[in-house]
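Asker:
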Amino acid sequence: MGRFEKIFNLYRLRRNFLASMLLSPILASNTDTFGPFGCFFPDTFGPFWPPIPTPLGRFDLKMPSWTQTGSSLVVVFFYLLKNKKQQQEAVRGSDDMAHNTIRGLDTIRDTRSLARFGITSIQVRLAQEEALRWESSFSIAGRRYHLQGFADLGRPRGIDTDVITGLEAIFALRGFPEDNTIITSGYELAQSAHMPDNGRTYERIRESLLRYWRTGFLVREGFEQPGAEGRTTYYNETLGFFEKISFWEQGVRSGNVEHTTLSRDKTLRIVLTPEFAESLRSGYIHQLDRALLRQIEQPPARALYRLLSAHRQQDDGTQAELLEVDLGDWREACGIQDTRPSKVLRSLQAAHDELTAQGYLTGVEIAGRGQKTRLTYHFRQQGDPDPALVELLMEADFGLSLPVAQQFAAEYPDRVEKAIQFVEARRQAGNPPVRSPAGLLRRVLEDQERYVLDGAAGSEPKPKREPGEAQTHASPVPDAEWEAEQAARNQALLQAPPAEQWRACRASLKLVLGSHFSAEEWKHFGQACLDGQWAAAALLQEATRAAARLEMQEFVAGLQRALKG
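Residue numbers for the sequence shown follow my numbering, beginning at -14 and rising by one.
(1) Give me the residue from Y187, E260, R97, E350 with the minimum Cα distance to Q235.
(2) Throw me the rounded Cβ distance for the D182 and A175 pair, which I believe falls under 8 Å.
(3) Closer than 7 Å by C-beta to R196: which residues in its own chain qualify, once you throw out the five before and the five after it? Chain order, please.
(4) If I measure Cβ to Cβ from L425 and keep anything under 6 Å in the same chain, skipping five residues before and after, which residues do I get?
(5) What distance in whole Å lies between the Cβ atoms of L308 and A126, which are believed to be in contact at a cut-off of 8 Å?
(6) CB-CB under 6 Å to A381, same chain, minus the five flanking residues each way: which ones, in chain order?
(7) So V148 and I190 are in contact, right, with Cβ under 8 Å, and what is the actual spacing, rounded?
(8) What are the boundary residues of the alpha helix (DSSP H) that includes D145?
(9) Give the DSSP-derived three-state secondary structure of K403 in the structure shown.
(10) Can we say the segment 519 to 531 touches the segment 475 to 484, given the rule of at least three CB pairs closer than 8 Å?
(11) What is the DSSP secondary structure of T29, reduced to helix, strand or coil?
(12) According to DSSP, is L253 helix, strand or coil?
(13) Taking the straight line between their C-alpha atoms, what separation do you get for A276 and E505?
(14) Rounded to a whole number of angstroms, what is the C-alpha to C-alpha distance between R205 and R118?
(15) Using the Cα positions of M379 and H179, report the straight-line distance between them to the nearest angstrom.
(16) Ordered along the chain, which non-local residues of its own chain (more than five positions away) have a Cβ less than 6 Å from that of R316?
(17) Report the rounded CA-to-CA distance for F232 versus S248, giving the unit in angstroms.
(18) Tell me which residues share the same chain as H296 and place their Cβ nearer than 7 Å to its Cβ, disregarding the 5 neighbours each side in the sequence.
(19) Let me know if P285 comes out buried or exposed under the rule of 16 or more other beta-carbons within 10 Å of its beta-carbon.
(20) By how many angstroms is the C-alpha of E527 removed from the C-alpha of F226?
(21) If L273 and T169 are in contact, beta carbons under 8 Å, what's the gap, nearest whole angstrom?
(22) For N475, name the three-state secondary structure that DSSP assigns.
(23) Quick one: Cα of W487 to Cα of L494, how far?
(24) In terms of residue numbering, what span does the alpha helix (DSSP H) encompassing G290 cover?
(25) Report the CB separation of T358 from L312 in whole angstroms; it is logged as a contact under 8 Å.
(26) Would R97 and Y269 be called neighbours here (beta carbons separated by less than 8 Å)?
(27) Just list the residues that DSSP pairs I93 with in beta bridges.
(28) Kindly list the residues whose CB is nearer than 7 Å to the CB of S294, restricted to its own chain and excluding five residues on each side of it in sequence; keep chain order.
(29) With a 10 Å radius around its C-beta and 16 neighbouring C-beta atoms as the bar for buried, classify T223 as buried or exposed.
(30) Taking only the alpha-carbon atoms, compute the straight-line gap between G543 and D323 and give it to the nearest angstrom.
(31) Taking the alpha carbon of Y345 as the point to measure from, which residue in Q280, D432, S332, Q356 has its own alpha carbon closest?
(32) With DSSP collapsed to three states, give me the class of W519.
(33) Check each candidate in R474, G499, H501, F502 and name the one with the smallest Cα separation from A489.
What follows is the structure in structure tokens.
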């Protein structure tokens, strides 16, 4: 071996040793990415590293060429630095999430345009063939929608709504990154989507992300061509949700089959399409109530809530009090595959019931039959009483009238349930006897200092009093005075002009009769009350008595016959 070769080999030894010292700390902190590699001494010392995948291809670090080995070191070094930077960004994102967490958000910023198209079906299960390619054409609130969907892994459905809204929330928390990239983890996404922390959840998230990644759609808008009779030109645009997903899996091999699932804690990186990201940044959005999303138990009900919210919001930012839709159009918007009206209504019924129970809807009117069926959604307005609380008060059998129950539900929503429990417990105890349950309920609701309801239901509250003052039981006199006051108010309302009666009783009549009338019948009914043909206050009393006697069906049928006559 010549002198030059010895010098050159010593130089290689020194270079490789320094390289190993430089790379070892980086690799030690990247074991979750590259595995627990040992110290690196290429060509001269062992053990050798296996080939490493990089954006430029797979590099074998056992290459004997000095030039190739040096290039490998440079490429791997900068690749690891880049990977390390991404991991640090993910860690910083998790730290930011700890301080500015999803739990701190009251609403989720959702794209109104994509939500309105109903790309995500509200159904949990879809027939495979129909889910791979579909076409929707429908009209809602005077706006026409036409969409062709292509999804080789199946159309997004059911719980996918939770995943996409969870990602939207994280994208907003990250400040809408300019590169449209969300760096997160499976656990953070599960928390954002209100999903449990278990293995099945991460399987479902993986499936959902891949479905959205492989879902594309063609939207079409029609424009009439001036000067051409009956001719319309169409503008078409292909859109999607994700450009790229990078994620880690963990699995268990059983024979020749490996069962994998999304990693809970490792980096999950999602690049949104420019159109999807821009729609979230822009003002063409609607806000979803996170508290309501958490309370809604079933995925179809959450999906229907998102769809209703998107169509309910008008272009000026206000929210409509009601939404009228044809059942056929609504079926397409909801992504329900069965075309039979009875099956469509059955698919919607459970979601309707849950949204009404949660107080988002005050009722759903169904008018017409077959293909001519129409739905009218009535939304709860600011200050409206919770229908569930009103129903609870009426079922308590305390002798409350409907207007009083609505008043209590609107003014004391946080105390109604415990107050009912307290009155029931007092009434069952019977010592002292409860002479007026309605009066006791009123006192419990109104006098928050005397009746502290934080303890167990039925516990005797202790009134606040000065030291030495003897405790006294409330007198039944105020109850009698209050009941007399209510009776006088009702009598005065019966003598009021028709328009004043209608204004005072409209909400109560809507609650009692709204679900029995079509939109057209309700319109005629209201006009009859305004014209004085019917006294709204007297009708409300009759309707309340009919409901108590379980004769509402006959009562409503009589009103409908009178309206037709």
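Glycine residues also receive a C-beta, built at the ideal position from the N, C-alpha and C atoms.
Answerer: Looking at the atomic coordinates:
(1) On the sequence shown, residue 235 is found 250 positions in, with the first residue counted as 1. Comparing Cα positions, the closest option is Y187.
(2) As a first step, residue 182 is located in the sequence shown; it is residue number 197 there, counting from the start. As a first step, residue 175 is located in the sequence shown; it is residue number 190 there, counting from the start. Right, their Cβ atoms sit about 6 Å apart.
(3) Residue 196 sits at position 211 when you count from the first residue of the sequence shown. Once the five neighbours on either side are set aside, the close Cβ partners of R196 are A136, L138, G139, P141, D145.
(4) Locating residue 425 in the sequence shown gives position 440, counting from the first residue. Around L425: V408, V419.
(5) As a working note, residue 126 is residue 141 in the sequence shown. As a working note, residue 308 is residue 323 in the sequence shown. About 7 Å separates the two Cβ atoms, so the contact holds.
(6) Counting from one through the sequence shown, the residue named residue 381 turns up at place 396. If we look at A381 and ignore the five residues flanking it on each side, its Cβ neighbours are I405.
(7) The count along the sequence shown starts at 1 and reaches residue 148 at position 163. The count along the sequence shown starts at 1 and reaches residue 190 at position 205. The Cβ separation is near 6 Å, so the contact holds.
(8) To locate residue 145, count along the sequence shown from 1; it is residue 160. Boundaries of the alpha helix (DSSP H) harbouring D145: 145 to 158, taken from the DSSP string.
(9) Taking the first residue of the sequence shown as position 1, residue 403 is located at position 418. It is helical.
(10) yes
(11) Indexing the sequence shown from 1 puts residue 29 at position 44. For T29, the pLDDT reaches just 34, beneath the cut-off of 50, and the residue's location in the model is therefore unreliable, leaving the point undetermined.
(12) The residue labelled residue 253 in the question sits at position 268 within the sequence shown. L253: strand per DSSP, three-state reduction.
(13) Mapped onto the sequence shown, residue 276 falls at position 291. Mapped onto the sequence shown, residue 505 falls at position 520. Cα-Cα distance, rounded: 34 Å.
(14) Residue 205 sits at position 220 when you count from the first residue of the sequence shown. Residue 118 sits at position 133 when you count from the first residue of the sequence shown. In a straight line, the C-alpha of R205 is about 16 Å away from that of R118.
(15) Residue 379 sits at position 394 when you count from the first residue of the sequence shown. Residue 179 sits at position 194 when you count from the first residue of the sequence shown. Whole-angstrom Cα-Cα distance: 34 Å.
(16) Taking the sequence shown and counting its residues from 1, the one referred to as residue 316 is at position 331. Hits under 6 Å: V329.
(17) What you label residue 232 is simply residue 247 of the sequence shown in a count that begins at 1. What you label residue 248 is simply residue 263 of the sequence shown in a count that begins at 1. Going from the Cα of F232 to the Cα of S248 covers about 8 Å.
(18) Taking the first residue of the sequence shown as position 1, residue 296 is located at position 311. Cβ within range, chain order: R101, I125, A126, L308.
(19) Reading the sequence shown from its first residue, position 300 is the one you call residue 285. Flag for P285 reads buried.
(20) Taking the sequence shown and counting its residues from 1, one reaches residue 226 at position 241. Taking the sequence shown and counting its residues from 1, one reaches residue 527 at position 542. If I take the Cα positions, the gap works out to 55 Å.
(21) Here residue 273 is taken as the residue at index 288 of the sequence shown, counted from 1. Here residue 169 is taken as the residue at index 184 of the sequence shown, counted from 1. No, L273 and T169 are not in contact; Cβ-Cβ is about 19 Å, not under 8 Å.
(22) The residue given as residue 475 occupies position 490 in the sequence shown. N475 falls in the helix class under three-state DSSP.
(23) Here residue 487 corresponds to residue number 502 of the sequence shown, with the count starting at 1. Here residue 494 corresponds to residue number 509 of the sequence shown, with the count starting at 1. Cα to Cα, W487 sits roughly 9 Å from L494.
(24) The sequence position of residue 290 within the sequence shown is 305, counting from 1. According to the sequence shown, residue 290 is Tyr rather than Gly. Unbroken alpha helix (DSSP H) run through Y290: 284 to 297.
(25) As a working mapping, residue 358 is identified with position 373 in the sequence shown. As a working mapping, residue 312 is identified with position 327 in the sequence shown. Contact holds; Cβ gap of about 4 Å.
(26) The residue given as residue 97 occupies position 112 in the sequence shown. The residue given as residue 269 occupies position 284 in the sequence shown. Against a cut-off of 8 Å, the Cβ pair of Y269 and R97 comes out as a contact.
(27) Within the sequence shown, the letter at position 108 stands for residue 93. DSSP lists L273 as partners of I93.
(28) Position 309 of the sequence shown, counted from the first residue, corresponds to residue 294. These residues qualify, in order along the chain: H271, L273.
(29) Taking the sequence shown and counting its residues from 1, one reaches residue 223 at position 238. Note on T223: under 16 other CB atoms within 10 angstroms of its CB, so exposed under the neighbour-count rule.
(30) Translated into the one-based positions of the sequence shown, residue 543 becomes position 558. Translated into the one-based positions of the sequence shown, residue 323 becomes position 338. Using only the alpha carbons, I get a separation of about 36 Å.
(31) By one-based count along the sequence shown, residue 345 stands at place 360. Ranking Q280, D432, S332, Q356 by Cα distance to Y345 puts Q280 first.
(32) Locating residue 519 in the sequence shown gives position 534, where the first residue counts as 1. Three-state DSSP puts W519 in coil, outside helix and strand.
(33) Here residue 489 is taken as the residue at index 504 of the sequence shown, counted from 1. If we check each option's Cα against that of A489, R474 comes out closest.
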